[in-house]
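J.:
Numbering (full-length UniProt numbering), first residue to last: 1 to 94.
1) Quick one: grab the DSSP three-state call for residue 94.
2) According to DSSP, is residue 44 part of a helix, a strand, or is it coil?
3) Note down the Cα distance separating residue 63 from residue 47, rounded to an integer number of angstroms.
4) Pull up the distance between the alpha-carbon of residue 58 and that of residue 65, whole angstroms please.
5) For residue 75, which residues from the same chain have a beta carbon less than 8 Å from its beta carbon, with the 5 sequence-adjacent residues on both sides left out?
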């Protein structure tokens, strides 16, 4: 399946911010300023989202570290209990 060719005058330049494509010296700078303002807003929101993501990740890692500590203590307790039970069993068998 082939797509029809789009004449050059109908093509949109997707690499430039909206309102900048086809801008000449005679057009006002408002579209460029709007595009820059939108970009700055997007970057600011992105930075805030990244900061929040890092905070949540740090909280998650801290929670995992606490869980590891609890499980290690539980494991030590169980190993001691097993050792005690083995000693009791060994003395009963003798």
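No residue lacks a Cβ here, since even glycine has one placed at the ideal position from N, Cα and C. Since this is a predicted model, take the numbers as computed values, not measurements.
T.: Quick answer:
1) Working through the chain shown from its first residue, we reach residue 94 at position 94. Coil, per DSSP.
2) Residue numbering aside, residue 44 sits at position 44 when the chain shown is read from its first letter. Helix, per DSSP.
3) Position 63 of the chain shown holds residue 63. Position 47 of the chain shown holds residue 47. If I take the Cα positions, the gap works out to 24 Å.
4) Translated into the one-based positions of the chain shown, residue 58 becomes position 58. Translated into the one-based positions of the chain shown, residue 65 becomes position 65. Rounded to whole angstroms, residue 58 to residue 65 spans 10 Å at the Cα level.
5) For the purposes of this step, residue 75 is taken as residue 75 along the chain shown, with counting starting at 1. Answer for residue 75: no residue qualifies.
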